[in-house]
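Here's the structure, in structure tokens; my notes come after.
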Amino acid sequence: MIDVLIVGSGGAGLSAALAAKEAGASVLVMGKMYPTNSQTSMAQGGMNAALGNVEEDHTSLHIQDTIKSAHGLCNEDMVRHLCADAPKTIEWLEKIGVPFSRLDNGQQGIATIAQRQLGGASAKRACYAQDYTGLKILHTLYDTCLKEGIDFLDEHFLLNLIVPEDTVKGATFLNIRTGEVVQIDAKSVVVATGGYGALYHNHTTNMYGATGDGIAAVMRAGGALSDMEFIQFHPTGLKHSCILMSESARGEGGYLVNDKGERFIDELKPRDEVARAIFMQMQAGHEVFLDLRHLGEEKLMELLPQEVALCKLHEKVDPATQLVPIKPVAHYTMGGIDVDEALEVNGIKGCFAAGECSNAKVHGANRLGGNSLLEITAFGRFAGENAYKHSIYASSKAADAAQLERDQKELEALFSQTPQRNFYEARNELGDLFYKQVGIIRENAQLQNTLDTVIAMQVHLSKMGITDKSHTHNQNLVEFLEFKNALLLAPAIVSAALARDESRGAHFKAGFEKEDDAFKKHIVLQWKKEIS
Numbered sequence: 002m003i004d005v006l007i008v009g010s011g012g013a014g015l016s017a018a019l020a021a022k023e024a025g026a027s028v029l030v031m032g033k034m035y036p037t038n039s040q041t042s043m044a045q046g047g048m049n050a051a052l053g054n055v056e057e058d059h060t061s062l063h064i065q066d067t068i069k070s071a072h073g074l075c076n077e078d079m080v081r082h083l084c085a086d087a088p089k090t091i092e093w094l095e096k097i098g099v100p101f102s103r104l105d106n107g108q109q110g111i112a113t114i115a116q117r118q119l120g121g122a123s124a125k126r127a128c129y130a131q132d133y134t135g136l137k138i139l140h141t142l143y144d145t146c147l148k149e150g151i152d153f154l155d156e157h158f159l160l161n162l163i164v165p166e167d168t169v170k171g172a173t174f175l176n177i178r179t180g181e182v183v184q185i186d187a188k189s190v191v192v193a194t195g196g197y198g199a200l201y202h203n204h205t206t207n208m209y210g211a212t213g214d215g216i217a218a219v220m221r222a223g224g225a226l227s228d229m230e231f232i233q234f235h236p237t238g239l240k241h242s243c244i245l246m247s248e249s250a251r252g253e254g255g256y257l258v259n260d261k262g263e264r265f266i267d268e269l270k271p272r273d274e275v276a277r278a279i280f281m282q283m284q285a286g287h288e289v290f291l292d293l294r295h296l297g298e299e300k301l302m303e304l305l306p307q308e309v310a311l312c313k314l315h316e317k318v319d320p321a322t323q324l325v326p327i328k329p330v331a332h333y334t335m336g337g338i339d340v341d342e343a344l345e346v347n348g349i350k351g352c353f354a355a356g357e358c359s360n361a362k363v364h365g366a367n368r369l370g371g372n373s374l375l376e377i378t379a380f381g382r383f384a385g386e387n388a389y390k391h392s393i394y395a396s397s398k399a400a401d402a403a404q405l406e407r408d409q410k411e412l413e414a415l416f417s418q419t420p421q422r423n424f425y426e427a428r429n430e431l432g433d434l435f436y437k438q439v440g441i442i443r444e445n446a447q448l449q450n451t452l453d454t455v456i457a458m459q460v461h462l463s464k465m466g467i468t469d470k471s472h473t474h475n476q477n478l479v480e481f482l483e484f485k486n487a488l489l490l491a492p493a494i495v496s497a498a499l500a501r502d503e504s505r506g507a508h509f510k511a512g513f514e515k516e517d518d519a520f521k522k523h524i525v526l527q528w529k530k531e532i533s
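Count the sequence shown with our numbering and you get residues 2 to 533, in order.
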């Protein structure tokens, strides 16, 4: 039996694996894709740590900025934990070889790491590696896991957690390569499966697979979810592809302008404010652009080479000489699996959650730019350490095969039925619906309409299914399972948004435009288990 099973092989999962291995645990990392394909690779701008390498900065200011950005809807002890851990987390990343951009300042170690300002920050705090920060961190973490002999099982899709008597005993997975359902027994589990931004299909910076698989599995197993209504819209997605244009482009001095050439917002305000300002310009009939021309080609290629390449590839524009058309798109989910201060899932003993799938109460109503890479590494390690501590005293008796058999029967039924409706069409419909009616500005009548539509879609799910009946490498099957998870979470998001009759951070509701202290609380959702 494995001591610590890690589900998800992005930055949070790899950080958890390294910490658990370092503590002495036997570790297995399971992922539905290969680690270097994870969402972490898309994080570009930087990782916050109050090093003060470029200008004066202090951990206390990092804490203040995080709480302000969260609009007070956070656990201040967890915020202090995160921000205080930031410098030593950067030091650890440097030690294992992350190639941060450097200052020529005559210093040594982390004092030479370059830093830039991101939206909502009171100082140049984000440590970066050009505009490939997440990619560089991810590759270094994966290389280090391989050096440490950590075992991986890639192309395994999480089906369900095994949770007899409210204590996790492992999980079941679909082996994508063979089509088999397998059971992995473990003394503790870390869920690090990412967020649910792909519900906004065709309107998100996220990959198609960011469908909240781990969050849905926790929900089915009786664990709690919280703050599901808070979805951050990034101000600058490329207009025609939704590809992310990093906040670093504005941090380095880029402007936001409308089609009259007018600047209409302080570009370094928090993301929720900037996204709403752009949305209002678009509602008034204006196009909106990111203007980087004044930075010059040399600076762009030195600091933002990926942004230049993405603009040329996806928008057919050269940002050194042309305006870049942009729009706000779904980017990050603040809500997720409800965890305590040890990152253990509320409702499931021995199960921990880290990264975007986890609601550790640090991002609140609006995540501060640069805190996501910090959270996945700092809290990823914290989750791995705590999972190992739990495993020391956990029973080594494996669970029975009941969950495995249920999952096998469910997949057999999928292969035997002929679908009457195309779930891909439903996926597109759900994405459009959420972007229009559960988006930047919300309204109760539209939210209720969305909830009704989603419930009807769930009723019709039994008529949807797969047309590809092959058992090996069946992407049609994987995408259907992802859609089922997204559809399971959709009512939780809309219900929480309906219940929150105020505007706070990324949740802005027409008719309730002010923050209301009556709602300065977390909305928690949890399925009640039937008592047999």
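Just so it is clear, CB atoms sit at the ideal spot from N, CA and C, and this is done for glycine as well. Since the structure is predicted, the reported quantities are computational estimates derived from the model, not experimental observations.
For the pair A507 and R368, the Cα-to-Cα distance works out to about 9 Å. Pairing N207 with Q40 gives a Cβ-Cβ distance under 8 Å. Put simply, the stretch 125-144 touches the stretch 245-259. At least three CB pairs are less than 8 Å apart.
For A343, the secondary structure class from DSSP, reduced to helix, strand or coil, is coil. Contact check for V460 against V495 fails: the beta carbons are separated by 8 Å or more. Annotated three-state conformation of G238 is strand, per DSSP. I185: member of the beta strand (DSSP E) spanning V182 to V192, first to last residue. Rounded to whole angstroms, the gap between the alpha carbons of Q404 and F484 is 21 Å. Taking R428 as the centre and dropping the five residues before and after it, the same chain places the C-beta of H202 and F484 closer than 7 Å to its C-beta, in chain order. A check of alpha carbon separations from H523 across A498, E514 and F513 identifies A498 as the nearest. Take the alpha-carbon of N445 and the one of I91: they are about 43 Å apart.
If you draw a 10 Å sphere on the C-beta of G371, you find 16 or more other C-beta atoms in it, and that means buried. The continuous alpha helix (DSSP H) containing H63 extends over residues T60 to S70. Counting C-beta pairs with one atom in each stretch, the stretch 351-362 and the stretch 377-395 have three or more that are closer than 8 Å, which means they touch. The Cβ neighbour count for G224, taken over all protein chains shown within 10 Å, is at least 16; the residue is labelled buried.
In this structure, A493 lies near L226, with their beta-carbon atoms less than 8 Å apart.
For C352, the uninterrupted beta strand (DSSP E) segment begins and ends at C352 to A354. A straight-line Cα-Cα distance of about 27 Å links T60 and A193.
If one requires a minimum length of 3 residues, the beta strand (DSSP E) runs lying completely within the stretch 105-168 are 152-154 and 157-163, in chain order. Put simply, the stretch 73-84 does not touch the stretch 27-45. Fewer than three CB pairs are less than 8 Å apart.
Per the coordinates, the alpha-carbon of F280 lies some 43 Å from the alpha-carbon of D408. Bounds of the beta strand (DSSP E) holding P326 are V325 to T334. The residue among A18, I266 and R501 with its C-alpha nearest the C-alpha of K515 is R501. Nearest to V363 by C-alpha distance, out of L83, N54, N49 and G9, is L83. Between K240 and K328, the gap from beta carbon to beta carbon is short of 8 Å. With respect to L375, A51 sits apart: the two C-beta atoms are not nearer than 8 Å. Annotation for N176: the continuous beta strand (DSSP E) segment containing it runs G171 to N176. Secondary structure at V439: coil, using DSSP grouped into helix, strand and coil. Using a Cβ distance threshold of 8 Å, I114 and N49 do not count as a contacting pair. Rounded to the nearest angstrom, the gap between the Cα atoms of A310 and N475 is 32 Å. Checking the DSSP bridge columns, you'll see Y256 partnered with D292.
Of the residues L19, L415, S504 and L448, the one whose Cα lies closest to the Cα of N477 is L415. Burial state of S471 is exposed, judged by a 10 Å Cβ sphere holding fewer than 16 other Cβ atoms. 8 Å or more divides the Cβ of G11 from the Cβ of L147. Taken through DSSP and simplified to helix, strand or coil, N49 comes out as strand. The beta carbon of E95 sits closer than 8 Å to the beta carbons of F101, G110, I111 and I114 from its chain, once the five residues preceding and following it are set aside; these are given in chain order.
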